[in-house]
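Enquirer:
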């Protein structure tokens with residue numbers, strides 16, 4: 183997928199995956215609370231248009247945010263069809279809300295950048311949108327993966343599918359240090 187680093191090798195053993203605690207202990211990721219008022223939208227008839235389903239963040243022992251891995255991953259559904267090279271309103275909204283929510287957390291106070299990844303599902307398609315938010319320069323960059331269509335492109339783009347699976351099953355953020 184364009185613009186994305188490959189996920190790290192998965193260290194979770196099948197035996198440890200049976201319990202949520204075992205999975206969290208091996209992957210060091212945890213679902214975190216988020217304010218859904220800003221992460222979902224309904225049309226005029228009250229029908230959901232998009233919604234963040236869950237947000238995950240890397241943690242260290244004791245389920246504290248890991249300041250050495252400043253990245254957030256959100257999973258969302260959206261009824262708007264995905265288009266190559268075009269950022270959805272829901273993806274932009276997720277970047278802005280998650281950057282503002284997590285950027286002010288004490289664990290990330292010394293971080294210059296925060297990486298936010300949004301995995302969006304629309305109908306039978308999925309793609310990854312990733313943003314690097316730089317708090318020092320007040321900028322952010324956005325990269326979009328190719329769209330993976332479960333009806334037609336898994337066999338054609340099997341490498342993209344494996345990369346997507348890696349984002350769900352592995353640790354995607356190496357440890358870092360800030361000078």
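In the numbering used here, the protein residues as written are 183 to 361.
Ideal Cβ placement from N, Cα and C applies to all residues, glycine included.
1) Reducing DSSP to helix, strand and coil, say where residue 186 ends up.
2) By alpha-carbon positions, which one of 296, 289, 265 ends up nearest to residue 279?
3) State the Cα-Cα distance for the pair residue 266 and residue 251, rounded to the nearest angstrom.
4) Hey, residue 232 and residue 260: beta-carbon distance below 7 Å or not?
5) Note down the Cα distance separating residue 347 from residue 229, rounded to an integer number of angstroms.
6) Can you find at least 3 beta carbon pairs, one from the stretch 315-332 and one from the stretch 275-289, that sit closer than 8 Å?
7) Can you name, in chain order, every residue of its own chain whose Cβ lies under 8 Å from the Cβ of residue 341, other than the five neighbours on each side?
8) Using beta-carbon positions only, say whether residue 255 and residue 248 come within less than 7 Å of one another.
Expert: Judging by the given coordinates:
1) Its pLDDT being 37, under 50, residue 186 is placed unreliably in this model, and the coordinates cannot settle the point.
2) 296
3) 29 Å
4) In this structure, residue 260 lies closer than 7 Å to residue 232 by Cβ.
5) 30 Å
6) yes
7) none
8) Cβ distance not < 7 Å, so residue 255 and residue 248 don't count as in contact.
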